Each structure stands twice: as structure tokens, then as C-alpha cells.
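Trainee: Here the sequence shown is numbered in the UniProt record's numbering, starting from 1 and rising by one per residue.
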Amino acid sequence: MRFVLISTHVDQTTGYSKVVYNLLKQLAKLTTSGVKTYHFGFQRHPSHGNIRSVPTGVIAYDAVANEDPKEEGFGFNKIHEYLEMVNPDVVMIYNDPLIIHRFMDAMKYDKATSPYKLWLYVDQVYEGIAPPLLETIRKNADRVYCFTKYWADVYSKYDAFPDVRVLENAVDTTMFSKLPDVLRGNIRATMNLPFNAVLMVNANRNSQRKRLDLSIMGFVELIARNPEKPYYYMIVTGMNAQQGAYYDVSRIFAMEIQRRGLNAEDFAKRLMLVDTAAKPVPDSAINEIYNAADIGVNTSDGEGFGLCQIEHLYTGAPQIVTDIGTYRAFMDESVCGFVPPGDRVYFSGTMPLGLWAPSFSYKDLADTMESMIAKLPAYKKAAAEYTFKTWDEVCTSWLEDVKAEAGSGSK
Numbered sequence: 001m002r003f004v005l006i007s008t009h010v011d012q013t014t015g016y017s018k019v020v021y022n023l024l025k026q027l028a029k030l031t032t033s034g035v036k037t038y039h040f041g042f043q044r045h046p047s048h049g050n051i052r053s054v055p056t057g058v059i060a061y062d063a064v065a066n067e068d069p070k071e072e073g074f075g076f077n078k079i080h081e082y083l084e085m086v087n088p089d090v091v092m093i094y095n096d097p098l099i100i101h102r103f104m105d106a107m108k109y110d111k112a113t114s115p116y117k118l119w120l121y122v123d124q125v126y127e128g129i130a131p132p133l134l135e136t137i138r139k140n141a142d143r144v145y146c147f148t149k150y151w152a153d154v155y156s157k158y159d160a161f162p163d164v165r166v167l168e169n170a171v172d173t174t175m176f177s178k179l180p181d182v183l184r185g186n187i188r189a190t191m192n193l194p195f196n197a198v199l200m201v202n203a204n205r206n207s208q209r210k211r212l213d214l215s216i217m218g219f220v221e222l223i224a225r226n227p228e229k230p231y232y233y234m235i236v237t238g239m240n241a242q243q244g245a246y247y248d249v250s251r252i253f254a255m256e257i258q259r260r261g262l263n264a265e266d267f268a269k270r271l272m273l274v275d276t277a278a279k280p281v282p283d284s285a286i287n288e289i290y291n292a293a294d295i296g297v298n299t300s301d302g303e304g305f306g307l308c309q310i311e312h313l314y315t316g317a318p319q320i321v322t323d324i325g326t327y328r329a330f331m332d333e334s335v336c337g338f339v340p341p342g343d344r345v346y347f348s349g350t351m352p353l354g355l356w357a358p359s360f361s362y363k364d365l366a367d368t369m370e371s372m373i374a375k376l377p378a379y380k381k382a383a384a385e386y387t388f389k390t391w392d393e394v395c396t397s398w399l400e401d402v403k404a405e406a407g408s409g410s411k
């Protein structure tokens, strides 16, 4: 049985690449069950160096290297001939609904005539995706996998939808771990943090959805309320607008300091920036940053899963997130502060990946930060004792699905 996974290449710096790396490691276990795994990996950037390698036993294809003519790095102009060459039994596409739609188009997929089954692993971040995308998925997919039960329930509400199942994310414990207190202290010392500093970290990418503006506004509100307390905020993200960074983080911080009448020099060092656009930050360095932090923060107004948050929680840091539904699949209030949503904000009609998002108040974010800091020892104790699912556990049902296809008489 031949199984093709179409997704971001493993040799990348995104959450997608970390997830697919672990999915492929799981699939590689099925070689003895008659499953031959192929990976059509797109958007690999060789200039970043070798970040991670394709797992042993997986037959990999680099879409960027083979694109002809060169386009966006997805390999849309190669996928049809690639599938004709591999002749798979099952094809699984992992990405957001728009990219999935474009791949199905480029594959020239027709459920009635194409010789393989189509599974989709959908990264859904907002409710209300554009009807044409939804109809394409409904009409063509044999099965849809969602990141959490929250998203599976959303898809199950759509009329006459195909088989919907859950395939969660998990922490790669070979990349992330809780470091000894001495090493953690050394890392904080290299950051020139006061011994009693409370460091919060937001390690999400700089896109509009991640609402780094809200994140900064909430933090400045916090330090305006508590100017004498050693509260620090580190943002690990791309800062170059020419490379797609949405928010001008430094200017937003300066403006928020100014509009509250605070002295810029007194608070300039409270915001610490790590520019991932200037130089990719390896997982080992991210793990050190996670361990140095006391609290993790994500202020996105839409999220598929929240991999950064579960990774950071695994290192022992409680989390603060916007209450958008999906986080509650893997975090509860013993280890997480949830910022309550306000009214809906509707998107432009040209936005294909959702109709609306909840709004959030920076004052509510500051309240949540204050509340967690006040009870930080209890939150940290709960985080240290928290139970996490492994990649083996979250993939069990999915691998059984793959093996069932292999046992059904497929090639």
C-alpha cells in the first residue's frame, strides 16, 4: 500500500515542519505492515541550513528543487505528474483549506475517476471558511482529520460532510524538555534579567492573526499598573516587513509607552526581541528560551491547535491564551489563564479562511497576566505535574486507519 503525504518539508522552521516530521516518523513504523510512505515536501529553504532530516524509511520529494518553472515553492506544477509516477492508494494533504484547495485543483482530482483515496489534515483557524472551499472539501475528501475535537465538531455541523476524525499535535520530547534549575538560571543571567524578574514569552510568528499588537498593549498596561515590578516580555518572531512580518513590534511598544506617559528610557529594556527573520532560531535555542521564561503567551484571535503553547507548557511554564476554543483540548485552568472573548469582528469578503474572529481587550489580557503572576508558584507546580499526550498516543487511531487501508487489498 502506497501512502503519500503532501505537506511542508521537514527541513523548515515552522510548526508545520515539526508536526510533519513526527507524522512521518510514525508512518515509518508501518513499513513491516506493508505501508510504503512517500512525502511530497514543499517550501524547503536550503539557505536556512539542515534543520531536520527526513525520517529513515520515507521516500522524500523536494518540491522546491523540482519546480519547473519556479513558482511559490509549493510544487503545484509538479504534483499531478508526481502522483502519476508514485501511483498511490491514499493521498493525504496537510495544510489550510486554501492550500488544500489549490493542491486538489493541481492534482486534477476527481473522486469518481482518480485511482486513490483522498484524506485531508485541515489546519482550520477560523470558523466560517468560504463556501467554495468548504464545498471542494465536502465533495472530494474521503476523510477529514482535524487538530482537536473543537474543530471536528465545527466540521461535523456542515451538511453532508465526509468522515471527520481527530489527529492532535503533541510535543517532540527529543526537541523540548525541562532543563535543570541551575542551567535555567544561567540562561536568564545571559539575558541580563534581574534575579526576581518575571519573564513572559510570545514565540508566535508575526502575522495579523497572532495579534502581537494586543500582546504588546496588554503588557504595557501591566507595567503601567506596576511600574516598580520587574516584569519583562520577550517576543520571538520575524521583524522584517519585507519578509512578511505584519506588526512593527518596536514602534507599537514605543507608542504604547508614550501614550501612557511613561518614561521610554526607564522601560526600554522591558521588551526583549529575538528576530527570527535575521537568523533562524534552532529548536535547541527555543527550548532554552522556553526554560528561561516564567509564562508563555499567545494572543491569536484564531488558532488551529497552538503547538508553541503545548511545547512551552511541557518545559514547565504556565500559559496565557485567548479563549478561542481549541486550546482547551490540551490545557485547563490549572495551567492556563484564558483571556475572555468579546464581540465578533467580521472579516473582509475577500478573506477565504474564515468569516469572523472574536475580539479581545488588552485590559483583560493585563488582568490575566496580573492574576497569573499573583499565583505563579501554584501554576508552575500544576504545570510540572501536568499529563501530556505523546506522539505515539495521538497517532494511534490514525495509524490504525492507515493499516486498515493496507489490509483492504490496496497495492
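C-beta atoms are modelled at their ideal positions from N, C-alpha and C, and glycine is treated no differently.
The structure presented is a predicted model; accordingly, all values stated were derived computationally and were not measured.
(1) Excluding the 5 residues flanking D62 on each side, which residues of the same chain have their C-beta closer than 8 Å to its C-beta?
(2) Suppose contacts are defined by Cβ-Cβ distances below 8 Å. Is F267 in contact with I252 by that definition?
(3) Look at the alpha carbon of K411 and the alpha carbon of Y126, and state the distance between them as a whole number of angstroms.
(4) With C-beta atoms as the reference, is T237 less than 8 Å away from T276?
(5) Tell me whether M85 is buried or exposed, calling it buried when 16 or more other Cβ atoms sit within 10 Å of its Cβ.
(6) Can you tell me which of the three DSSP states L307 falls into?
(7) On the criterion of 16 or more Cβ atoms from any shown chain inside 10 Å, does Y346 qualify as buried, or is it exposed?
(8) Go ahead and pull the three-state DSSP assignment for S397.
(9) Look at M239 and N206 and say whether their C-beta atoms are less than 8 Å apart.
(10) Classify G342 as buried or exposed, calling it buried when 16 or more other Cβ atoms lie within 10 Å of its own Cβ.
(11) From the DSSP output, in three-state form, read off R52 for me.
(12) With DSSP as the reference, please indicate the residues paired to R143 in a beta bridge.
(13) My understanding is that A170 touches T390, with C-beta atoms under 8 Å, so please give their C-beta distance in whole angstroms.
(14) With three or more C-beta pairs closer than 8 Å as the rule, is the region 208-227 touching the region 288-303?
(15) With 16 as the cutoff for other CB atoms within 10 Å, does N66 come out buried or exposed?
(16) Per DSSP, which residues does W356 bridge with? Please list them.
(17) Just to confirm before moving on: does the CB-CB distance between Y290 and V182 stay below 8 Å?
(18) Where do the N-terminal and C-terminal ends of the beta strand (DSSP E) with R259 fall, by residue?
(19) Within 10 angstroms of its Cβ, does R188 collect 16 or more other Cβ (buried), or is it exposed?
(20) For H45, does the three-state DSSP call read helix, strand or coil?
(21) Out of E288, S17, F360, N22, which has the shortest C-alpha to C-alpha gap to M191?
(22) Considering Q319, what are the terminal residues of the beta strand (DSSP E) in which it resides?
(23) Is it the case that the Cβ atoms of E144 and V164 are separated by a distance below 8 Å?
(24) Have a look at M255 and L262 and give me their C-alpha separation to the nearest angstrom.
(25) Go ahead and label residue 417 buried or exposed: buried means 16 or more other beta carbons lie within 10 angstroms of its beta carbon, across all protein chains shown.
(26) Look up L134 in the DSSP assignment and give the residues it is bridged to.
(27) Buried or exposed: where does T37 fall if 16 or more other Cβ atoms within 10 Å of its Cβ makes it buried?
(28) Provide the residue span of the beta strand (DSSP E) that contains T237, from first to last.
(29) My understanding is that D142 touches W119, with C-beta atoms under 8 Å, so please give their C-beta distance in whole angstroms.
(30) Quick check on F388: buried or exposed, where buried means 16 or more other Cβ atoms within 10 Å of its Cβ?
(31) Tell me the rounded alpha-carbon separation between G75 and I99.
(32) Quick one: is T174 buried, meaning 16 or more other Cβ sit within 10 Å of its Cβ, or exposed?
(33) Can the beta-carbon of L27 be found less than 8 Å from the beta-carbon of V402?
(34) Alpha carbon to alpha carbon, how far is A404 from W398?
(35) Rounded to whole angstroms, what's the CA-CA distance from A378 to S334? Just pull it up for me.
Mentor: The short version:
(1) H9, G41, R44
(2) no
(3) Residue placement at K411 is flagged as unreliable, the pLDDT there being 46, under the threshold of 50; a coordinate-derived value is accordingly withheld.
(4) yes
(5) exposed
(6) helix
(7) exposed
(8) helix
(9) yes
(10) exposed
(11) coil
(12) W119, D163
(13) 6 Å
(14) yes
(15) exposed
(16) Y346
(17) no
(18) Looking at the DSSP string, R259 is not in any beta strand (DSSP E); the run it does join, the alpha helix (DSSP H), is 249-259.
(19) buried
(20) coil
(21) E288
(22) 319-322
(23) One point to set straight first is that residue 144 is Val, not Glu, in the sequence displayed. Result yes, Cβ atoms of V144 and V164 sit closer than 8 Å.
(24) 10 Å
(25) Since the first and last residues shown for the chain are 1 and 411, residue 417 lies out of range.
(26) Note: L134 sits in no beta bridge, so no partner.
(27) buried
(28) 231-237
(29) 6 Å
(30) exposed
(31) 11 Å
(32) exposed
(33) yes
(34) 10 Å
(35) 8 Å
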